[in-house]
Every structure is written in C-alpha cells, then in structure tokens.
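Each number in the numbering used here corresponds to the 1-based position in the sequence shown with 24 added.
Where a beta carbon is used, it is the ideal one built from N, C-alpha and C, also for glycine.
Here the structure is a predicted model, which is why all the values come from computation and not from measurement.
Taking it in order: structure first as structure tokens, then the write-up.
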Amino acid sequence: MIGLDTNVIVRFLVEDDLQQAARAKALVQQAIAQGEVLFVSEVVLCELYWVLDSAYGFCRDEIVPALRGLLAAKHISFRDADLIGRAVSAYEDGRGGFADYVIRELSVEAGCISVATFDGDLLKGTGFIHP
25 MIGLDTNVIV
35 RFLVEDDLQQ
45 AARAKALVQQ
55 AIAQGEVLFV
65 SEVVLCELYW
75 VLDSAYGFCR
85 DEIVPALRGL
95 LAAKHISFRD
105 ADLIGRAVSA
115 YEDGRGGFAD
125 YVIRELSVEA
135 GCISVATFDG
145 DLLKGTGFIH
155 P
C-alpha cells in the first residue's frame with residue numbers, strides 16, 4: 025500500500041500542473057490495475073480541504089463532491105471511512121470548515137463529550153462548547 029500526500033491528490037483533481045497530474049493519474053491507474061489500495065489519512069484530507077478552499081477558491085458545493093468521490097473510490101483506503109463520511113456530511117450541512125468536523129469526530133472517537141472552541145459558528149452546532 026502507498027500513502028498519498030495532499031499534493032498528489034490536488035494534482036489529480038485540479039490538473040493545474042499537467043506533468044504532475046499525469047504522474048498522479050498514472051500512479052492511481054497502476055494501483056487499480058494491480059489491485060492495490062492507496063491510503064489517505066485524515067491529515068491529508070484536512071490539507072486537501074484547505075488547499076481547495078484557500079488556494080483554489082473552491083466552494084463547499086465543489087469540495088463536498090470531491091471528498092465524497094475519494095470516499096467512494098474502491099482503490100482508496102482510510103483509517104476510518106465512516107468517521108470521514110460523518111465529517112463530510114457535517115461539513116456539507118454545517119458552518120465550519122471540514123477540518124473542524126474531522127476534529128470533532130476524532131475527539132468523539134477518543135471518548136470526548138465535546139470540543140472546546142472559540143469559533144462562534146461551530147458553537148451553533150452540536151459537539152462544540154465554549155471554553
């Protein structure tokens with residue numbers, strides 16, 4: 025199994041550097057052809073969200089399908105796809121950033137009852153408290 029860094033996924037999705045995009049696509053195609061799985065961590069997904077939002081100006085309606093597409097890909101593995109799925113759904117319906125909901129889901133998984141934050145938008149949702 026090979027782990028993917030954020031920049032490989034960005035090149036694959038955005039194709040802003042044609043040479044790197046071709047190499048990223050070749051890696052994915054090779055993995056599929058050989059029946060191998062590529063690993064994507066929560067950190068990479070959080071960075072991916074940040075890059076797509078901040079550097080490329082993608083909106084929530086563009087980022088959610090990209091994240092769901094990665095989750096649906098049979099050749100991509102996650103430590104906990106259900107956790108990521110919950111974070112994507114919360115991000116889609118919420119006011120915070122995707123990373124905020126990953127933090128919440130990881131905290132719940134670790135046994136936390138809530139996440140303390142100063143982010144007023146997150147405090148309007150569930151799972152967050154004001155310190």
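is_contact[residue i, chain C] using C-beta, thresh 8 Å
i, result
"lysine 98", "In the displayed structure, chain C is absent; only one protein chain is listed."
Outcome for residue i when other beta-carbon atoms lying within 10 angstroms are tallied against a minimum of 16
i, result
"glutamate 129", "buried"
"phenylalanine 152", "buried"
"cysteine 136", "exposed"
"aspartate 124", "buried"
"glycine 93", "exposed"
Residue from the options with nearest C-alpha to residue i
i, options, result
"isoleucine 33", "Ala57, Gln53, Val68", "Val68"
"methionine 25", "His154, Trp74, Arg103, Leu76", "Arg103"
"valine 126", "Ser138, Leu107, Ala134", "Leu107"
"lysine 210", "Asn31, Ile56, His154, Ala50", "What the structure shows of the chain is the stretch from 25 to 155, and residue 210 is not part of that stretch, so it cannot be assessed."
"glycine 27", "Trp74, Gly118, Leu51", "Leu51"
Beta-bridge pairing of residue i - partner residues as DSSP gives them
i, result
"isoleucine 153", "Ala140"
"leucine 62", "Ile26, Ile100"
Touching by the beta-carbon criterion (3+ pairs, under 8 Å), the segment 79-91 and the segment 56-66: In short, these stretches do not touch, since the Cβ pair count stays below three.
At least 3 beta-carbon pairs within less than 8 Å: the segment 120-140 vs the segment 102-112: At 8 Å Cβ cutoff, the stretches touch.
Alpha helix (DSSP H) segments (min. 4 residues) lying fully within the segment 46-94: For secondary structure counted as the alpha helix (DSSP H) over 4 or more consecutive residues, the segment 46-94 holds these complete runs in sequence order: 66-74.
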